[in-house]
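This report refers to the structure that appears directly beneath it.
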Amino acid sequence: MSRSANTPGGQRDSATGPTGGARETEEPLLTLRGVRKSFPGRRGAERHVVLRSIDLDVHAGQCVVLIGGSGSGKSTLLRCVNLLEVVDDGVITLEGREITDPRVNADEIRSRIGIVFQGYNLFPHLSVLDNITLAPVRVHGRSKAEARETARDMLERVGLAEKADARPDDLSGGQQQRVAIARALVNHPRLLLLDEVTSALDPELVGEVLDLLRDLADQGMTMILNTHEMGFARQVADVVAHLSGGVIAEIGTRAQVIDAPQTEATRRFLSRLHA
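In case it helps, UniProt numbering puts the sequence shown at residues 1 to 275.
Have a look at this one:
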């Protein structure tokens, strides 16, 4: 099936091939159709609609970057994809399977979709290795030996093999976030979601996390991430989607959306970032 008109692809290096390439004829790894999400209003007020009607295709190997102001729905979208929030309406499919069907096993789906939050969410009383192996052993039923072997491989991948026995408090913020990414990768997910993973870091620590994400993108990891780091988005994004008012106001390649935005909403958002 051809990619829908509102989800153009792209290459991280334009010299490597034409925009989109073979993906134009591939089925998307992830699709969202008409996704709507609202939350109860305060003190009996009407429900607050965060996502109004989201349509999005994500193809294997793509890096999709979500941009938008606070409250635009970026984090809620990721939480809906990971089934941490139940959508009000619409359908989400992963590899052709409808995961918004209430009969699906959410834990099984989450083993295929890794997610990393801005706050690390590491257990301070556990070692780095135990933080990474906790879910594979307790939730997904893997043997402790297998989980530990995979966890060590992931720590090697994120450049922290020597920190396996350390406690989170012994690590810098950047190192803790890299551990959180290793934890999300331990089940070899088909899709990695990253929710403002650099926003809680000191400026001097942002680079090490962005370098890791750049490496993952270059290795073909399918990712959806929220970021205000436009320079980073220019380097890794195949697709940039600007969320505003609960809808995708504009979507296209990084050159189209960041460098030559077509909608007034996107132009206003980018001008505020650069002000």
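Glycine included, C-beta positions come from ideal geometry on N, C-alpha and C.
Here the structure is a predicted model, which means the values were calculated and not measured.
Buried or exposed: where does threonine 227 fall if 16 or more other Cβ atoms within 10 Å of its Cβ makes it buried? By the neighbour-count rule (16 or more Cβ atoms within 10 Å), threonine 227 is buried.
Any chain E beta carbon closer than 7 Å to valine 209: Considering every chain present, this structure includes no chain E. It has just one protein chain.
If you measure from the CB of phenylalanine 123, is any heavy atom of the ligand SAH nearer than 6 Å? Looking for the ligand SAH in the displayed structure turns up nothing, as the structure carries no ligands at all.
Tell me whether serine 244 is buried or exposed, calling it buried when 16 or more other Cβ atoms sit within 10 Å of its Cβ. buried
Since leucine 56 sits in a beta bridge, which residues does DSSP pair it with? Leu32
Which first and last residues belong to the alpha helix (DSSP H) in which glutamate 146 is found? 144-157
Starting from valine 65 and walking both ways along the beta strand (DSSP E), at which residues does that stretch end? Note, valine 65: beta strand (DSSP E), 63-67.
Quick check: what's the CA-CA separation for phenylalanine 147 versus valine 139? Sequence check: residue 147 is alanine here, not phenylalanine. Between alanine 147 and valine 139, the C-alpha separation is close to 12 Å.
Glutamate 264 to serine 271 span [Cα, whole Å]: 10 Å
With a threshold of 6 Å on Cβ separation, who are the neighbours of glycine 41 within its own chain once the five nearest residues in sequence on each side are excluded? The answer, listed in chain order, is Arg47 and His48.
Taking 7 Å as the cut-off, decide whether the C-beta atoms of valine 87 and threonine 100 are in contact. yes
How big is the Cα-Cα spacing for histidine 274 and glutamine 219? 31 Å
Under 7 Å Cβ to Cβ from phenylalanine 117, same chain only, skipping five residues before and after it: list those, please. Asp195
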